[in-house]
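Residues in the sequence shown are numbered consecutively from 3, following the numbering used here. Idealized CB from N, CA, C, for every residue including glycine.
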Amino acid sequence: MEEGIEVGGKERKIETVVVSLTGDIDLNEISKLTDKMNIPGGKHLDKNK
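Structure representation (structure tokens):
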């Protein structure tokens, strides 16, 4: 995920993503979701079966 995005006509690089989820959450489903969103670290959640 090294691509930049354009904001206000200037190219920007995304450096940080913060995601907050609350409630009764199945970590296996979160692992699948983070994989689809190309967010690093989701594979570690899949190991908690």
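For I7, which of helix, strand or coil comes out of DSSP? DSSP places I7 in the strand class (E or B) of the three-state scheme.
Buried versus exposed, by CB contacts within 10 Å (16 or more), S33: S33 should be labelled buried.
If you draw a straight line from the alpha carbon of E13 to that of V19, how long is it in whole angstroms? If you take the alpha carbons of E13 and V19, they lie about 17 Å apart.
Closest Cα partner of P42 within the set D28, E17, G11 and G10: Answer by Cα proximity: E17.
Coil, strand or helix - E13 by DSSP: Strand, per DSSP.
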